[in-house]
Each structure stands twice: as structure tokens, then as C-alpha cells.
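Notes for the one structure printed next.
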Amino acid sequence: MGITILGIETSCDETSAAVLEDGITLRSNIVSSQVDIHKKFGGVVPEVASRKHLENVHPVIMEALEQAKVTLKDINAIAVTYGPGLVGALLVGVAAAKAMAYALDVPLIGVNHLEGHIAANFLTRPDLEFPLLCLVVSGGHSDLVFMPHRGDYQLLGRTRDDAAGEAFDKVARAMGLGYPGGPLIDKLAREGDASALKLPRAFLEEGSLDFSFSGLKSAVLNYLNRAEMRQEEVNKADLAASFQQATVEVLVEKTLLAAERTAVKTIMLAGGVAANGGLRSLLQTRALAAGCTVVYPPLHLCTDNAAMIACAGYYKYLRGDFAPLTLNAVPALSLGEEKY
Amino acid sequence: MLKSFSSEETRQFGEKMALLLQAGDIICLNGDLGAGKTAFSQGVARGLGVTSHVTSPTFTLINEYEGRLPLYHFDVYRLGDSEEMADLGYEEYFYGPGVCLVEWAELVEDVLPEERLDITLLKDEEAEEVRLIKFTPRGQRYKHLVEEMNQLVCPGN
Chain A
1299 MGITILGIET SCDETSAAVL EDGITLRSNI VSSQVDIHKK FGGVVPEVAS RKHLENVHPV
1359 IMEALEQAKV TLKDINAIAV TYGPGLVGAL LVGVAAAKAM AYALDVPLIG VNHLEGHIAA
1419 NFLTRPDLEF PLLCLVVSGG HSDLVFMPHR GDYQLLGRTR DDAAGEAFDK VARAMGLGYP
1479 GGPLIDKLAR EGDASALKLP RAFLEEGSLD FSFSGLKSAV LNYLNRAEMR QEEVNKADLA
1539 ASFQQATVEV LVEKTLLAAE RTAVKTIMLA GGVAANGGLR SLLQTRALAA GCTVVYPPLH
1599 LCTDNAAMIA CAGYYKYLRG DFAPLTLNAV PALSLGEEKY
Chain B
785 MLKSFSSEET RQFGEKMALL LQAGDIICLN GDLGAGKTAF SQGVARGLGV TSHVTSPTFT
845 LINEYEGRLP LYHFDVYRLG DSEEMADLGY EEYFYGPGVC LVEWAELVED VLPEERLDIT
905 LLKDEEAEEV RLIKFTPRGQ RYKHLVEEMN QLVCPGN
């Protein structure tokens, strides 16, 4: 058996554990919201609470080991998310990882949650050559990250208000579509005309790689309010398509600007919004025209999971980048800074 | 009651209020989607000397910042009820060494301390960009805070 990493992730809603061999062979990846776990352990739907993580963390780890058909003796290192996230939630994973690393006398590896999202790409594409650029888009993040070398992260741009995924959810909520908003808008947008409505695109200052989606959200809300006051029928498909187009265009434009500036030829997508069809297709088209290729993780590895944490942990293991057993949760951890 | 004509002005009101805040202060923000709760919070952060970008905590639930005082920025919209707020360990923040800003606070009203400042942001029906900002102080500390705030933004009144 090769280098086997146990990954643990508890930064937000999901309790997750995964066993990964040699950075590519995913032997298990258990996410607590998966139905079978709940049936098996009689657990509840995982929530934001540290108490829920506490209830879930042990069964989730045991299930990950069992499904991977490994024993604790086979584990070479424990990788855990130690930030950014909710302090109470993070602490559950960090405490579990520390206890296991100490008891098993194996290295402890501290992983940044965003580093994990980016690493989800390496699970299926370990061959990607640096330099790389990654657009991390999720409910909580919209970040453009440049990686000249492995393990070297430079934040080129980020959102100044709402994250892209959050804008999708809030607009879906205002349109009465339900939750989660991203996939619903994506689906509806396919039936609509993206040029039907003129919505603002916030490019910010000339050359800025930061994002802002709050103004776009307000524009959609105002449009809905006006239509309601005038008792006009809203074409939801057109609105979804126009909103998605406005969001995606800004994401893609800035990503390509960043690629040009850093002379990167391979663009990675990461995070839950990487599943958006509109984003994938426009980025593919525009990247192709610019001579770049686009890669993205399989759908189930885009949302929060421990496989991506184990993968980031694997490369840190190879570098000998280990955390001391004094590792603590760092709720506001930035990408590229290590606090241990 | 204050009137704001833009999200930047809402931010500036937050920035001014930050000058008056003390450790342990709890500011609750209510208002519809897009009313300016995050903009007001960004202003408070700026006024407290927070240098990093303050983003919406809708997904992350709580964002922590370091300024003149620690700032704990909550968004409880995603929480189902007060019990989940308890699970989140809110007491450590509410009775901690920093300032708490709680967006959508009305959703968890029964766990909010009796003494606090409630701020309601209302959209003006006549003009899309205009917001009415209403302060409802609960307890002596917050009555004093609102008086100070009024003097700061409308001196002479």
C-alpha cells in the first residue's frame, strides 16, 4: 500500500472524512449529509453546529476507514482543515485529527479549506503542470488564485461583498425558486434569453481582479419589485438567463485577464459554483480563444468534502510540511499563510 | 431615524457608529434582502480599523475580524431557529471581548440579550436607492449610544 492519508473536514456544514492513497486513489469519501450514513447511525441532517459535527465526526471517520478497507495502522498521516471557517466547527475536526495523530504517532497536516478546494482538481489530474490559475467560486468564496509552483498561493482577486454562489442563492430566493439556488437558476437559464434584460456587470476599477455581486443582486431585486408594483408578469427564464450571464461574464472576463497577466495556460475551476453550466461553457469558449485549457473537478468533489483535504494533505506530506500537535483552528485563515 | 441615499452613505453611518462602540456591544440588523445590512456592517468594520475586506457572512455564518476591537459579524439567515444559534456557541461571542453585528437578528430573537441596539433598514417605496435607518435602543447603554450617534451625524439637534 502506498502513502495513505486520512482527511478530515468540518469547517462549515458538512462533517467529512476520506481515505486517499498516493494522492489519486480515493478509497473512501464520506460526507455526513449522505443519506446512508444517517440511516446507519440514526444521525440528523448535519447543520452548522459544532455539536452536530461532534456527533458525526467519529461515525464518519469509522465509515471512511471501513469503506476504504484500511485499519488505523495503514494511515501514514492525518490531514485536517484548520481554517477558514467557524471556530466551533473547525475545532471538532482539529481535535479529532490531533488525537488520532498523537495516538497513532503519525504526522499531523494542517490544510486551508481553499487549498483543499483547489486540490480537488489534482485528484483526477495529478499531471497538471505549474504555473496554474484557479477560480474558486462557492457560497462563501469568489477567489482568483495564482500558483507559480505547488504549494505557493497568491490571491489575485476576491469578492468585496457577496460571493458568487451567494448571489445565485439570494436571487433564486427572491424569484421564489427555492434552494439550492445555483442549480435551479442554471436549469431555468437554459430556457431563457440571456440578452432579454440589461443587468449591471461590476468590473470595478480598471484592471481590478476583485469581484462585487451585491449591485447585481440589488438590480435583480429592484427589477422584481418594480414588476410587482406594476403587476407585470416576470419572465423567470429570461431573468435567470440574464442574471446568470451577468455573473458568469464577470467571472470569466477577470479569470482570463488574470491568466493573461500571469501567462498561465491552464485554468482550474473549484468550489460549488464550478458545477454551473453557464460558467463552464463560457469559460471553455473564451479560454480556447485565448489558447488556454480549462479543467474542473467531478461534480461531487466541487462541494465540501474531505477527499480534497486529503489530497492537499498528500502534497504537504511529500514536502514534509507537518503541523505540530499544538495546531489550533484559525477561523480567518488566509490562503498562503500558515498559522502553526 | 436616519435617511441614506446610497449604499456608500449607509456604510458611512456604520463607520461613524463604530467610533462609539465598546467591547460587548451587540448591534442587531434587520431589513429585507438588499436593504444594506452588509453595507452598514462594512462601515462599522472600517470604523473599527479592520483592514481586510468584509464580505457577507450568509454562508460562513460568522466572520471574525481584528480591529480596534474584535468584530464578530453574524448572519443568521440560514439558521432554522434559536436552538441552532445555541449550537453555534453564540454566547462566547455575545459575552466576549468584541463587538457583535447580527444580520437578520429577528430570526433568533429569543436568544438575543435584552440589552442591545436594534437597527432596521427599510427601503423607501418612492426611490430605489433610499433607505430609512431606524434605531431601537434596548437598555441604558444603547439609549446613550443612539444619543451619541445622533449628535455625531446631526450635530445641533
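So the protein sequences, as listed, match chains A and B.
Here the first sequence stands for residues 1299 to 1638, where the numbers follow this note's numbering.
Here the second sequence stands for residues 785 to 941, where the numbers follow this note's numbering.
Even glycine gets a Cβ: it sits at the ideal position worked out from N, Cα and C.
All figures in this text were calculated on a predicted structure; none of them were measured in a lab.
Per-residue burial, residue i [other beta carbons within 10 Å of its own, 16 or more giving buried]
i         : result
LYS907/B  : buried
CYS938/B  : exposed
MET1299/A : exposed
ILE1335/A : Low confidence applies to ILE1335/A: its pLDDT is 44, below 50, so where it sits in the model is not reliable, and the reading given next is rough at best. Counting Cβ neighbours within 10 Å, ILE1335/A comes out buried, since at least 16 surround it.
PHE1428/A : exposed
THR1601/A : buried
ALA1627/A : buried
MET1360/A : exposed
ALA1561/A : exposed
TYR1615/A : buried
GLU1489/A : exposed
GLY1340/A : Reliability fails at GLY1340/A, whose pLDDT of 36 lies under 50, so the model's placement of it is uncertain and the value that follows must be treated cautiously. It is exposed - the Cβ of GLY1340/A has fewer than 16 other Cβ atoms within 10 Å.
SER1512/A : buried
VAL1333/A : Low confidence applies here, because VAL1333/A scores a pLDDT of 38, under 50, leaving its location unreliable and the question unanswered by this model.
LEU929/B  : buried
THR839/B  : buried
LYS1337/A : Note that LYS1337/A has pLDDT 42, beneath the 50 cutoff, so the model's placement of it is unreliable and the number below is only indicative. So LYS1337/A counts as exposed.
Within 8 Å, strictly: CB atoms of residue i and residue j
i         : j         : result
SER825/B  : GLU913/B  : no
LEU786/B  : VAL886/B  : no
LEU1318/A : CYS1609/A : yes
HIS837/B  : ARG1578/A : no
LEU1625/A : LYS1396/A : yes
ALA1366/A : SER1326/A : yes
GLN1543/A : GLY1576/A : yes
ARG925/B  : GLU890/B  : no
GLY1408/A : TYR1638/A : yes
ALA1401/A : GLY1305/A : no
SER1314/A : ILE1328/A : yes
LEU916/B  : LYS800/B  : no
LEU1597/A : LEU1421/A : no
GLY847/B  : PRO841/B  : In the sequence under discussion, the amino acid at residue 847/B is Asn, which differs from the Gly named in the question. Yes.
THR1591/A : THR1553/A : no
LEU1433/A : LEU1549/A : yes
GLY827/B  : ARG852/B  : no
ILE811/B  : PHE878/B  : no
ASP733/B  : ARG1584/A : Residue coverage of chain B in this structure runs from 785 to 941, which leaves residue 733/B outside it and unanswerable.
GLY873/B  : GLY1386/A : yes
For residue i, the first and last residue of its enclosing beta strand (DSSP E)
i         : result
LYS787/B  : 786-788
ARG795/B  : Premise fails: ARG795/B lies in the alpha helix (DSSP H), 791-802, not in any beta strand (DSSP E).
LEU1406/A : 1406-1410
GLN1452/A : 1452-1456
ASN814/B  : 810-814
GLU1319/A : 1314-1319
SER1440/A : 1440-1445
Reference residue i, options the options, closest by Cα
i         : options                                       : result
LEU843/B  : ALA1377/A, GLU1312/A, ILE1373/A and SER1326/A : The amino acid at residue 843/B is misidentified as Leu; the sequence shows Phe. Checked all of ALA1377/A, GLU1312/A, ILE1373/A and SER1326/A; the closest Cα to PHE843/B is GLU1312/A.
GLU1464/A : LEU1497/A, ALA1387/A, SER1516/A and GLU1427/A : SER1516/A
ALA829/B  : ARG915/B, LEU905/B, GLY882/B and ASN934/B     : GLY882/B
ARG1617/A : ASP1372/A, ALA1630/A and ASP1450/A            : ASP1450/A
ALA1557/A : LEU1631/A, LEU1431/A and SER1314/A            : LEU1431/A
PHE1466/A : VAL1593/A, THR1545/A, ASP1425/A and LEU1631/A : THR1545/A
ASP1403/A : GLU1635/A, ASN1419/A, PHE1620/A and SER1632/A : PHE1620/A
PRO1405/A : ILE1322/A, ALA1375/A and GLU1636/A            : ALA1375/A
LEU1581/A : PRO1596/A, LEU1599/A, HIS1598/A and GLU1551/A : GLU1551/A
LEU901/B  : ASP894/B, VAL895/B and PHE919/B               : PHE919/B
ALA1316/A : ARG1349/A, SER1348/A and PRO1357/A            : PRO1357/A
GLU1307/A : ASP1320/A, LEU1412/A, ILE1373/A and ILE1322/A : LEU1412/A
ALA1487/A : LEU1554/A, ASP1372/A, PHE1541/A and HIS1351/A : PHE1541/A
SER1632/A : PRO1382/A, ARG1349/A and ALA1538/A            : PRO1382/A
CYS1310/A : LEU1388/A, GLY1505/A, VAL1368/A and MET1606/A : LEU1388/A
LEU1495/A : PHE1511/A, VAL1518/A and GLY1437/A            : VAL1518/A
ILE1416/A : MET1398/A, SER1436/A and ARG1524/A            : SER1436/A
ASP816/B  : PHE797/B, ILE903/B and LEU929/B               : ILE903/B
GLY1474/A : MET1527/A, GLU1503/A and LEU1522/A            : LEU1522/A
PRO911/B  : ALA819/B, ILE810/B and GLY798/B               : Before going on, a small fix: residue 911/B reads as Ala here, not Pro. The candidate whose alpha carbon is nearest that of ALA911/B is ALA819/B.
GLU793/B  : PHE858/B, ILE811/B and LYS821/B               : LYS821/B
VAL1355/A : GLU1526/A, ASN1603/A and GLY1490/A            : ASN1603/A
ALA1525/A : GLU1503/A, ALA1472/A, ARG1458/A and PRO1478/A : ALA1472/A
ALA1539/A : LEU1555/A, LEU1482/A and GLU1636/A            : LEU1482/A
SER1493/A : THR1369/A, LYS1485/A, LEU1537/A and LEU1426/A : LEU1537/A
LEU905/B  : TRP888/B, PRO897/B and ASP894/B               : TRP888/B
Where the alpha helix (DSSP H) through residue i begins and ends
i         : result
MET869/B  : 866-871
ASP1536/A : 1534-1560
Distance cut-off 7 Å: residue i Cβ against heavy atoms of the ligand MN
i         : result
PHE1511/A : Within the structure as shown, the ligand MN is missing, as the structure has no ligands at all.
Practice task
Would you be able to state if there are at least three C-beta pairs under 8 Å between the segment 1388-1398 of chain A and the segment 1555-1575 of chain A?
Solution key: no
Exercise for the section: Evaluate the contact criterion for the segment 1430-1445 of chain A versus the segment 1525-1541 of chain A: three or more CB pairs, one atom per stretch, below 8 Å. Expected result: no
Problem - Sufficient close CB pairs (3 or more, under 8 Å) joining the segment 925-935 of chain B to the segment 789-808 of chain B - result: yes
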